[in-house]
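Asker:
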Amino acid sequence: EIKSRTKPAIIILGSGPNRIGQGIEFDYSCVHACFALSEAGYETIMINCNPETVSTDYDTSDRLYFEPLTLEDVLEVFHAEASVGPVLGVITQLGGQTPLGLAAGLAKEGVPIIGTSVSAIHKAEDRGEFGEVLKKTGLNAPAFGTAFSYLEAKEVANSIGYPVLVRPSFVLGGRGMEIVYDEDSLHGFIDRATEINPDHPVLIDRFLDNAIEIDVDALFDGDSVYLAGIMEHIEEAGVHSGDSACVIPPQSISESMTNEIFATTEKLARAIDVRGLLNVQYAISEGKLFVIEANPRASRTVPYVSKATGVSLAKAAALIAAGKSIAELRDQQILPKAAL
2 EIKSRTKPAI IILGSGPNRI GQGIEFDYSC VHACFALSEA GYETIMINCN
52 PETVSTDYDT SDRLYFEPLT LEDVLEVFHA EASVGPVLGV ITQLGGQTPL
102 GLAAGLAKEG VPIIGTSVSA IHKAEDRGEF GEVLKKTGLN APAFGTAFSY
152 LEAKEVANSI GYPVLVRPSF VLGGRGMEIV YDEDSLHGFI DRATEINPDH
202 PVLIDRFLDN AIEIDVDALF DGDSVYLAGI MEHIEEAGVH SGDSACVIPP
252 QSISESMTNE IFATTEKLAR AIDVRGLLNV QYAISEGKLF VIEANPRASR
302 TVPYVSKATG VSLAKAAALI AAGKSIAELR DQQILPKAAL
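Heads up: the sequence shown begins at 2 in my numbering, then just goes up one per residue.
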């Protein structure tokens with residue numbers, strides 16, 4: 002039996018079990034979001050199923066459901082809680098890719114998604130939609146294409162020019178990703194690494210050799226952007242962020258490039274229309290800035306940037322999702338008056 006309540010509740014989806022591409026680093030954002038929303042007067046409800054996390058401690062949230070992160074289980078919790086008191090909705094952007102993948106299904110079942118909307122998530126996650134965003138905003142990206150058969154993959158790779166980066170669509174954590182330098186290598190990759198069909202296409206990108214990779218974490222409230230940190234990867238572009246090291250502030254990029262990164266991040270935040278956290282990965286090649294991808298969610302670098310700058314990004318993101326503006330958070334000294 003679930004106890005009734007009068008305070009409005011917000012459900013936060015955790016990151017689930019540790020696996021390739023998604024570890025315990027995402028738990029940091031969930032925990033700090035719980036604390037922030039509790040301080041703001043909301044009842045916090047955590048759904049997670051990893052006993053190694055802090056978010057599953059009995060005193061982190063007001064209510065804890067130790068349940069699998071599946072659509073069916075989350076819906077069951079939502080309906081149960083909605084029957085005993087007001088539930089404002091579900092935050093999916095803090096626990097990494099797993100909860101983000103549930104957003105569309107939850108919205109389809111009538112569950113309010115707090116923070117970044119399903120349409121905004123789709124704009125960033127779907128390669129075709131994101132390509133349109135880049136085209137409309139006039140931003141540079143490595144040439145790319147999508148293939149549904151080996152023949153299409155060969156045509157796309159030839160038009161882009163080798164070397165190319167190939168990977169199955171909707172992969173997590175860089176799994177199945179490979180740099181191929183010729184047609185034979187491409188054929189071998191498709192035979193070995195993926196089942197290519199209309200439901201599971203292969204993504205092909207131009208590989209930027211000897212490029213500098215940059216990670217950016219930012220917040221957006223629909224009006225203002227707060228750029229929290231610009232990180233320069235020590236390894237060359239192409240090494241997955243989970244396997245690489247980075248430094249903040251960046252050591253080898255110019256002030257004009259820093260300004261361009263800020264302006265580009267702001268354009269992306271507005272075009273995608275996120276509410277809360279946005280992570281953008283860039284590559285700098287021959288003095289030119291390229292957008293690699295944008296993630297409308299907490300990234301694995303959020304704890305690092307928060308510790309390095311002394312600003313709790315997860316706390317700010319949770320409050321933005323609940324309706325606060327960046328200006329209000331600055332007035333409350335949760336965010337500093339000026340970003341980097």
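Every residue gets a Cβ at the ideal spot worked out from N, C-alpha and C, and that includes glycine. This one's a predicted model, so the numbers in the text were calculated from it and none came from an experiment.
(1) By how many angstroms is the C-alpha of residue 244 removed from the C-alpha of residue 166?
(2) DSSP state of residue 196, grouped into three classes?
(3) Along the alpha helix (DSSP H) that carries residue 147, what are the first and last residues, could you check?
(4) Are the Cβ atoms of residue 319 and residue 34 separated by less than 9 Å?
(5) At what residues does the beta strand (DSSP E) containing residue 45 begin and finish?
(6) Name the residue from 39, 60 and 75 whose alpha carbon lies nearest to the alpha carbon of residue 50.
(7) In the region 81-123, which residue ranges form an unbroken beta strand (DSSP E) of at least 3 residues, counting only runs that do not cross its ends?
(8) From the DSSP output, read off the bridge partner residues of residue 280.
(9) Between the region 27-43 and the region 53-64, do at least 3 Cβ pairs fall closer than 8 Å?
(10) Out of 225, 102, 246 and 258, point me to the one whose CA is closest to residue 237's CA.
(11) Can you give the Cα-Cα distance for residue 141 and residue 149, rounded to whole angstroms?
(12) Using the C-alpha atoms, what's the distance from residue 253 back to residue 259?
(13) Over the uninterrupted beta strand (DSSP E) stretch that includes residue 27, give me the two end residues.
(14) So if DSSP puts residue 67 in a beta bridge, which residue, or which two residues, is it bridged to?
(15) What residue range is occupied by the uninterrupted alpha helix (DSSP H) comprising residue 258?
(16) Can at least three beta-carbon pairs, one atom from the region 221-237 and one from the region 182-200, be found at a separation below 8 Å?
(17) Return the first residue and the last residue of the alpha helix (DSSP H) that residue 158 is part of.
(18) Taking the C-alpha atoms as reference points, what is the distance between residue 321 and residue 112?
(19) Can the beta-carbon of residue 125 be found closer than 9 Å to that of residue 296?
(20) May I ask you to report which of helix, strand or coil DSSP gives residue 183?
Answerer: Checking against the coordinates, here is how it stands:
(1) 17 Å
(2) coil
(3) Here residue 147 belongs to no alpha helix (DSSP H); instead the beta strand (DSSP E) covers 145-148.
(4) yes
(5) 44-49
(6) 75
(7) 88-92
(8) 218 and 296
(9) yes
(10) 246
(11) 25 Å
(12) 10 Å
(13) Segment 26-40 is the alpha helix (DSSP H) holding residue 27; no beta strand (DSSP E) there.
(14) 49
(15) 256-273
(16) no
(17) 151-161
(18) 19 Å
(19) yes
(20) coil
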